[in-house]
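Right, one structure below, let's go through it.
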Amino acid sequence: MQPLMSGIEGNFSPNDYQVKNSLITTIKNRFRTYGYQETGTRTFQDYDVYSSVIGTVHKQNMIKTIDSSGDVLVLRPDVTIPITRKMAAEEEIPHRLFYVEEIFRQIGGDSQNKEFTQAGVECFGENSSDNDAEMIALAVHILQDLQFKRFKIEIGHAGFFKDLINELSLSELESEKLQELIQSKNMSEIGPYLESLHANETIANAIKAIPMLYGSPKNVIEKAESIIINENMQARIDNLKQVYDILQAYGIENYAVFDLGLINHMNYYSGIIFQGYITGYSKPVLMGGRYNHLAEQFGRNTPAIGFGCIVDDIFEAKKLAGQLPETASSADLTIRYDRDSINDALFTANLLRESDYRVITENSENISSTTDSNPFIAHFKKEGSVLSNQQQDWEFQTADELKILLQKRNEGKLSGKNYVSTRKRTDS
C-alpha cells in the first residue's frame with residue numbers, strides 16, 4: 001500500500017494558489033476585453049459524448065468511472081466538445097464564450113499530474129482570416145499581459161497536410177503513423193515509411209518537405225507554394241497569407257512563426273492552428289485553432305475557432321524565469337487582545353472586515369511564539385490601544401481612529417508626524 005503522503009508534491013501551496021489565481025484573473029480580464037462571456041461545463045461528462053466524436057481525446061487517456069445507474073462517465077478531458085454540444089443545442093447561446101476549467105487526462109504511465117487548469121475561449125459563427133488573426137492577437141495580448149518578454153506563436157494549418165495526404169489512399173492507422181512522424185520531424189523514418197506505402201514520388205517529396213516548412217512566414221509561404229499539388233492546398237496558403245497580413249496590421253508579426261508541420265493531437269481541427277511558446281520553457285503554454293466541422297457531429301453547421309491557456313504551464317514558465325510575483329500577506333492586520341479588551345477588539349475587527357480589511361484576531365494570552373506574523377499589529381489593552389509595526393507605535397482610542405491609521409499606511413503617509421500620540425518603540 002502506498003503511504004498516504006504520496007503525491008503530495010503535486011499540490012499547490014497557499015502562496016502558489018494566490019499567484020495562480022492572479023494569473024487566471026489577468027487572463028479572464030483580457031478575454032472580456034475581446035467581448036467574451038464566461039461559461040462552464042460539468043466535471044463529470046457522458047463517456048459516449050467523447051467516444052462518439054471523431055478526432056477527440058484518445059479513449060485510453062480518459063479517466064472513467066461508473067455511476068450508480070451503471071452509466072460510464074468521464075472526468076472532463078476536454079472543454080471544447082461540451083461547449084460546442086451546448087451551442088449546437090441552444091439557439092440563444094452567446095457566440096463568444098470563455099471558461100476556466102479543470103481538465104483530467106491519463107497521459108502515459110504517470111500517476112501524477114492527471115489534472116490541470118485550462119483557461120480558454122471559443123468563438124462560434126465566424127469564419128474568416130480576420131477572425132483567425134484576431135484569435136492569435138488575443139493569444140499574444142494575453143502573453144504580454146502576463147509579462148512574458150520573449151515568446152513566439154507557432155502558426156500552421158491543419159488542412160494543408162490533410163489535403164496533401166488525401167492524395168494517398170491511407171488507412172486511419174497509416175495516416176496516424178505518418179502524422180506522428182511529421183509531428184516529431186523524424187526525417188530518418190519518413191522516407192522509408194512512404195516507400196513502404198508505395199507513395200507517388202511527387203507526393204512523397206512534398207510530404208518529406210513538410211517538417212522543414214518552419215520559420216519566418218514569408219520564407220515558409222514561398223517554400224510551401226513550391227510543393228502545392230491541388231487547389232485546396234493553395235487555398236490554405238492563401239488563408240495563411242491573409243492572416244499574416246492582418247497580424248502585421250495588429251503590429252504583432254514579430255511574434256509569429258509559421259510551422260506547416262504543426263499537427264495538433266485533436267484531429268477535429270480543420271484550419272488555422274497555433275501554439276504559444278515561452279523562450280526557455282519546453283512545452284507550449286497555449287494552443288488552439290479552427291474547428292469548422294465539430295458542431296456538425298451534434299447536428300449543427302457552425303464554424304468555430306478557439307484556444308486554451310494551460311495555466312499550470314504558465315505558472316511553471318514564470319517560475320523558471322524567476323518572474324513569480326511576491327505574494328501579499330494573508331492579512332492586513334493582526335489584532336491582539338486580553339480579557340479586559342476583548343469586546344473592543346472584536347468589535348473593531350468586524351468593523352474593519354466590513355471595510356474589506358483582512359484581519360486576524362489573537363488572544364495575547366495564548367500566543368506561543370514571539371515572532372509577529374504580520375508587520376502591523378494592533379494591541380488592545382485596558383490601559384490603552386497601540387498600533388505597532390516593530391519600529392514605531394501609534395496610539396488610538398477608537399475603531400475609527402485605527403481605521404484612519406490603516407488608511408494612512410496604505411497611502412504611504414503613516415509617520416510620527418501624523419499623530420501626537422505617536423512614540424518610538426523602546427522594547428525589542
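In full-length UniProt numbering, the protein residues as written are 1 to 428.
In this text, a Cβ means the ideal position worked out from N, Cα and C, and glycines have one as well.
Report the residue from the options whose alpha carbon sits nearest the alpha carbon of residue i.
{"i": "E180", "options": "N200, I207, Y99", "result": "I207"}
{"i": "N113", "options": "T348, I310, N363", "result": "I310"}
{"i": "S270", "options": "L262, Y277, G276", "result": "L262"}
{"i": "A317", "options": "S364, P14, V19", "result": "V19"}
{"i": "A349", "options": "D338, T334, R339", "result": "T334"}
{"i": "N301", "options": "A249, N127, L75", "result": "N127"}
{"i": "E154", "options": "D338, S171, I272", "result": "I272"}
{"i": "Y17", "options": "S355, K413, E326", "result": "E326"}
{"i": "K149", "options": "S388, N389, I229, G322", "result": "G322"}
{"i": "R137", "options": "S329, Y250, Q390, G191", "result": "Looking at the sequence shown, residue 137 is not Arg but Ala. Among S329, Y250, Q390, G191, the Cα nearest to that of A137 belongs to Y250."}
{"i": "V79", "options": "G308, E401, Y244, M135", "result": "G308"}
{"i": "S107", "options": "Y193, A331, K59", "result": "Per the sequence shown, the amino acid found at residue 107 is Ile instead of Ser. It is K59 whose Cα lies nearest to the Cα of I107."}
{"i": "S329", "options": "H265, I314, V53, Y357", "result": "Y357"}
{"i": "K403", "options": "Y244, D332, R339", "result": "D332"}
Spatial neighbours of residue i within its chain, please: C-beta separation below 7 Å, excluding the five flanking residues on both sides.
{"i": "L346", "result": "T361"}
{"i": "I24", "result": "V100, A119, V311"}
{"i": "D67", "result": "L73"}
{"i": "G384", "result": "E395"}
{"i": "T202", "result": "I229"}
{"i": "V57", "result": "Y50, P77, D78, R105"}
Just to confirm my understanding: we take residue i, look at its own chain, exclude 5 residues before and 5 after, and list those with CB closer than 8 Å. What are they?
{"i": "K223", "result": "A209, M212, L213"}
{"i": "F298", "result": "T84, R85, A88, A89"}
{"i": "V386", "result": "A378, H379, D393, W394, E395, F396"}
{"i": "P82", "result": "T41, R42, Q45, V49, R76"}
In the DSSP output, what is residue i paired with across the bridge?
{"i": "A199", "result": "Per DSSP, none; premise fails for A199."}
{"i": "residue 438", "result": "Given that the chain is displayed from residue 1 to residue 428, the structure contains no residue 438 and the question cannot be resolved."}
{"i": "H379", "result": "R336, V386"}
{"i": "I153", "result": "A256, G276"}
{"i": "T117", "result": "E102"}
{"i": "E122", "result": "L97, G306"}
What whole-angstrom Cβ distance do residue i and residue j have, given they're in contact under 8 Å?
{"i": "A304", "j": "F124", "result": "5 Å"}
{"i": "R336", "j": "S364", "result": "5 Å"}
{"i": "H157", "j": "L240", "result": "6 Å"}
{"i": "I63", "j": "F104", "result": "5 Å"}
{"i": "E174", "j": "N230", "result": "Not a contact, Cβ separation roughly 20 Å."}
{"i": "F376", "j": "N389", "result": "5 Å"}
{"i": "S169", "j": "Q242", "result": "That belief does not hold up - the Cβ atoms of S169 and Q242 are roughly 32 Å apart, past 8 Å."}
{"i": "D163", "j": "M266", "result": "The Cβ separation is near 18 Å, so there is no contact."}
Give every residue of the same chain whose Cβ lies closer than 6 Å to the Cβ of residue i, excluding the five residues on either side of it in the sequence, and list them in chain order.
{"i": "L247", "result": "A133, E253, A256"}
{"i": "R30", "result": "H141, I142, D145"}
{"i": "L294", "result": "T84, Y268"}
{"i": "T371", "result": "Note that T371 scores 48 on pLDDT, short of 50, meaning its location in the model is unreliable; the coordinates nonetheless yield the value given after this. For T371, where only same-chain residues beyond five positions count, there are no Cβ hits under 6 Å."}
With 8 Å as the threshold, decide whether the Cβ of residue i is near any Cβ in chain B.
{"i": "I227", "result": "Of the protein chains in the structure, only one exists, and it is not chain B."}
contact_flag[the segment 97-106, the segment 273-292] where n(CB pairs < 8 Å) is 3 or more: The segment 97-106 is not in contact with the segment 273-292.
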